[in-house]
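Every number in our numbering is 297 more than the matching position in the sequence shown, counting from 1.
Idealized CB from N, CA, C, for every residue including glycine.
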Amino acid sequence: MILVMDVGNTNIKIGLYGNDNKLKNTWRIATNFQKTADEYGMTLINLFTTVGVKFSDIDGIIISSVAPTLNYTLEHTCRYYMKQPIFVGPGIKTGINIKYTNPAEVGADRIVSAVAAYKLYGGPVIVIDFGTATTFGVVSAQGEFLGGAIAPGIKSSMEAMVNTAAKLPRIELVKPQSVINRTTVSNMQSGVVYGFIGMVDNMIARIRKEINAPDCNVIATGGMSVLVSSEVKAIKTIDRALTIKGLKILYDMNVSETKEI
298 MILVMDVGNT NIKIGLYGND NKLKNTWRIA TNFQKTADEY GMTLINLFTT
348 VGVKFSDIDG IIISSVAPTL NYTLEHTCRY YMKQPIFVGP GIKTGINIKY
398 TNPAEVGADR IVSAVAAYKL YGGPVIVIDF GTATTFGVVS AQGEFLGGAI
448 APGIKSSMEA MVNTAAKLPR IELVKPQSVI NRTTVSNMQS GVVYGFIGMV
498 DNMIARIRKE INAPDCNVIA TGGMSVLVSS EVKAIKTIDR ALTIKGLKIL
548 YDMNVSETKE I
């Protein structure tokens, strides 16, 4: 079995692939910078036990991370309990040409999502990840990662508003039925949700114009993708397991190359 882990600032997405190359299980746990390697090991033991998997069943591990201070801890967890993981970073084979001025600056999660979107859905393609930040990644028809844009995340925007405006309460992030509302809570929900819908619509239109691809495919992923994507007509596909799938693609690509060498 292959263990894949996508380490974000808020959550760690975990996936297990069986020997038939099919995704068997997925989990999401909180990113905790205070946890030790052993504590993460115990968390994995508990998750694996629920589906009848042992550490000895794991044949390989690949990790993408945007939390570098946690990398050593997770590497130690994997190496001690299972085996040495592959980290997505400089030097790893991706199958796409990264056109960033400094490719090392690109977040590992953005590369993984771009690889998955291009391999699974073709190009040109726009990948929108609704996570702690809202990221836009663009891959050309030739498989070039052209870059993109980074905007605040929906939850982080809400938190910023609540923390800086004394009279605004913390609210549930749901989409109200109308834009014009008559309570403070529904006003906040409208501003955040419909505001983001407008931002996403505008960004997609501008990206399509810049790359001269008016019908460019758009893939949404991330925890908040369903909330916004239903109102954005350009988004035809929501794939919340996109990074998990991309990690498996990268694992196969790099393990195969290692074996050939």
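Counterpart residues of residue i in DSSP-defined beta bridges
i, result
"Val409", "Answer is none; Val409 lacks a bridge partner."
"Met302", "Ile311 and Ile360"
"Leu320", "Tyr314"
"Ala448", "Thr431"
"Phe384", "Ile360"
"Asn394", "Glu441"
"Thr534", "Ile516"
"Val489", "According to DSSP, Val489 bridges with nothing at all."
"Val436", "Val422 and Phe442"
Reduced DSSP secondary structure (H/G/I, E/B, other) of residue i
i, result
"Phe427", "strand"
"Arg325", "strand"
"Ala517", "strand"
"Asn343", "helix"
"Gly420", "coil"
"Thr333", "coil"
"Ile504", "helix"
"Asn551", "helix"
"Ile541", "helix"
"Glu557", "With a pLDDT of 39 at Glu557, under the threshold of 50, the modelled position of that residue is not reliable, and no figure is offered here."
"Lys351", "coil"
"Gly414", "It should be pointed out that residue 414 corresponds to Ala in this sequence rather than to Gly. Three-state result, Ala414: helix."
"Val482", "helix"
"Ile494", "helix"
"Leu371", "helix"
"Ala401", "helix"
"Ser527", "coil"
"Glu456", "helix"
"Arg467", "coil"
"Asn509", "coil"
"Ile546", "helix"
"Ser522", "helix"
"Pro365", "helix"
Exposure label - residue i; buried when at least 16 CB within 10 Å
i, result
"Tyr377", "exposed"
"Asp317", "exposed"
"Asp303", "buried"
"Tyr337", "buried"
"Val477", "Residue identity check: residue 477 is Ile in the sequence provided, not Val. It is exposed - the Cβ of Ile477 has fewer than 16 other Cβ atoms within 10 Å."
"Gly388", "exposed"
"Gln486", "buried"
"Lys310", "buried"
"Arg325", "exposed"
"Phe345", "buried"
"Ser374", "A small correction: the amino acid at residue 374 is Thr; Ser does not occupy that position in the sequence shown. That one is buried."
"Ile558", "Reliability fails at Ile558, whose pLDDT of 35 lies under 50, so the model's placement of it is uncertain and no value is given."
"Thr461", "exposed"
"Gly420", "buried"
"Phe330", "exposed"
"Ser526", "buried"
"Tyr314", "buried"
"Asp426", "buried"
"Thr323", "exposed"
Alpha-carbon to alpha-carbon, residue j and residue i
i, j, result
"Gln439", "Thr429", "29 Å"
"Leu371", "Ser453", "25 Å"
"Asn308", "Asn484", "28 Å"
"Arg467", "Val552", "46 Å"
"Thr555", "Lys396", "Annotation note: pLDDT 45 at Thr555 (below 50); position unreliable, coordinate value reported separately. Looking at the two C-alpha atoms, the distance is approximately 25 Å."
"Arg479", "Val490", "16 Å"
"Leu539", "Leu470", "23 Å"
"Val301", "Leu544", "6 Å"
"Ser410", "Val424", "7 Å"
"Gln474", "Glu528", "12 Å"
"Thr333", "Met298", "24 Å"
"Asn514", "Met500", "14 Å"
"Ser362", "Asn399", "18 Å"
"Asp406", "Leu547", "12 Å"
"Phe384", "Asn394", "18 Å"
"Lys390", "Val412", "11 Å"
"Ala401", "Gly519", "23 Å"
"Thr354", "Asp335", "A small correction: the amino acid at residue 354 is Asp; Thr does not occupy that position in the sequence shown. C-alpha separation (whole angstroms): 19 Å."
"Gly305", "Gly404", "10 Å"
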